[in-house]
Amino acid sequence: DTGVSQDPRHKITKRGQNVTFRCDPISEHNRLYWYRQTLGQGPEFLTYFQNEAQLEKSRLLSDRFSAERPKGSFSTLEIQRTEQGDSAMYLCASGGTANTEAFFGQGTRLTVV
Amino acid sequence: LAKTTQPISMDSYEGQEVNITCSHNNIATNDYITWYQQFPSQGPRFIIQGYKTKVTNEVASLFIPADRKSSTLSLPRVSLSDTAVYYCLDWIYSSASKIIFGSGTRLSIRP
Chain A
1367 DTGVSQDPRH KITKRGQNVT FRCDPISEHN RLYWYRQTLG QGPEFLTYFQ
1417 NEAQLEKSRL LSDRFSAERP KGSFSTLEIQ RTEQGDSAMY LCASGGTANT
1467 EAFFGQGTRL TVV
Chain B
9 LAKTTQPISM DSYEGQEVNI TCSHNNIATN DYITWYQQFP SQGPRFIIQG
59 YKTKVTNEVA SLFIPADRKS STLSLPRVSL SDTAVYYCLD WIYSSASKII
109 FGSGTRLSIR P
């Protein structure tokens, strides 16, 4: 257990529905990342927060995706109008001010049917 | 696009030393070389990080030549539990705002 919690661990949803995932980083970590990972591929960067500010956003993050970190603590990732291609593992990671490493949660596995 | 290049897969046997190499052809002066390990259905786990020469911890050793264009992760006396995917990264120390993973090396350990 790295100390990064993600909820839920698994989510099955119907195409067209909205889903929201939550990430609780390690306490006092100011950096927070979201990634998406499909089978056989490495994690793909989605977005990065430093405290409450969203400083980096991948082109992979279409208009249907939105992430927030309102008070610089937990973060949410919402996917609107889900598509089958959104089926993947969504990973959250956090890091401290030392900028030397990031700790990953166990991920949320999304299945869109 | 990933900045690093590494073999897609490797096989070895229990008790052997395993060396996984990585090319860092686009590494920047301030980047650190970092390796992560990932088991199925889990998030990646930090293994080791270095800037140059050799770094050793309780899990692995990392060898980095003077030109820093490559690195070698060395796992001593592997066991079945070392079967995982291993990723090498160029870690942007100054900001760490975007950590880019490649496809990794899938290491399979056999009895």
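In order, the protein sequence lines correspond to chains A and B.
Everything in the first sequence is counted per this note's numbering, starting at 1367 for the first residue and increasing by one.
Everything in the second sequence is counted per this note's numbering, starting at 9 for the first residue and increasing by one.
Just so you know, even glycine gets a beta-carbon here, dropped at the ideal spot from N, CA and C.
Nothing here was measured: the structure is a model prediction, and the numbers come from that model.
- By the criterion of a C-beta distance shorter than 8 Å, I35/B is surrounded in its chain by K11, I41, R76, K77, D98, once the five residues flanking it on both sides are discounted.
- The beta carbon of N1384/A sits closer than 6 Å to the beta carbons of Q1446 from its chain, once the five residues preceding and following it are set aside; these are given in chain order.
- Interface criterion met: the Cβ of L1421/A is under 7 Å from a Cβ in chain B.
- Distance from the CA of I1378/A to the CA of T1448/A, rounded to the nearest whole angstrom, comes to 11 Å.
- When L1398/A, F1411/A, K1437/A, R1402/A are compared, the shortest CA-CA separation from M1455/A is found for R1402/A.
- Separation of T1442/A and Y21/B (C-alpha to C-alpha, rounded to the nearest whole angstrom) is 42 Å.
- Closest option to T13/B, judged by alpha-carbon separation, among S82/B, A92/B, W43/B: W43/B.
- For G1461/A, the C-beta contacts it makes with chain B under 8 Å involve A104, in order along the chain.
- Q1472/A and Q1407/A do not touch by the CB rule: their CB atoms are close to 18 Å apart, not below 8 Å.
- Annotation for T80/B: the continuous beta strand (DSSP E) segment containing it runs 78 to 83.
- Three or more beta-carbon pairs drawn from the segment 51 to 64 of chain B and the segment 1462 to 1469 of chain A are found closer than 8 Å, and the two stretches are therefore classed as touching.
- Just so you know, the alpha carbons of H1376/A and T61/B end up roughly 42 Å apart.
- Counting only unbroken stretches of 3 or more residues, the beta strand (DSSP E) elements lying wholly within the segment 1367 to 1406 of chain A are 1371 to 1373, 1376 to 1379, 1385 to 1390, 1397 to 1403, in sequence order.
- Restricted to the segment 1403 to 1439 of chain A, the beta strand (DSSP E) segments that are unbroken, complete and at least 3 residues in length are 1410 to 1416, 1419 to 1423, 1431 to 1434, listed in chain order.
- Under the three-state reduction of DSSP, Q1450/A is assigned to helix.
- One Cα belongs to Q1450/A, the other to V1479/A, and the distance between them is close to 6 Å.
- For N1396/A, no Cβ of chain B is located within less than 7 Å of the residue's own Cβ.
- The C-beta of L70/B has 16 or more other C-beta atoms within 10 Å across all chains shown, which makes the residue buried.
- Along the segment 1373 to 1391 of chain A, none of the residues has a CB nearer than 8 Å to a CB of chain B.
- Of the candidates E1444/A, R1397/A, K1437/A, the residue whose Cα lies closest to the Cα of E1422/A is R1397/A.
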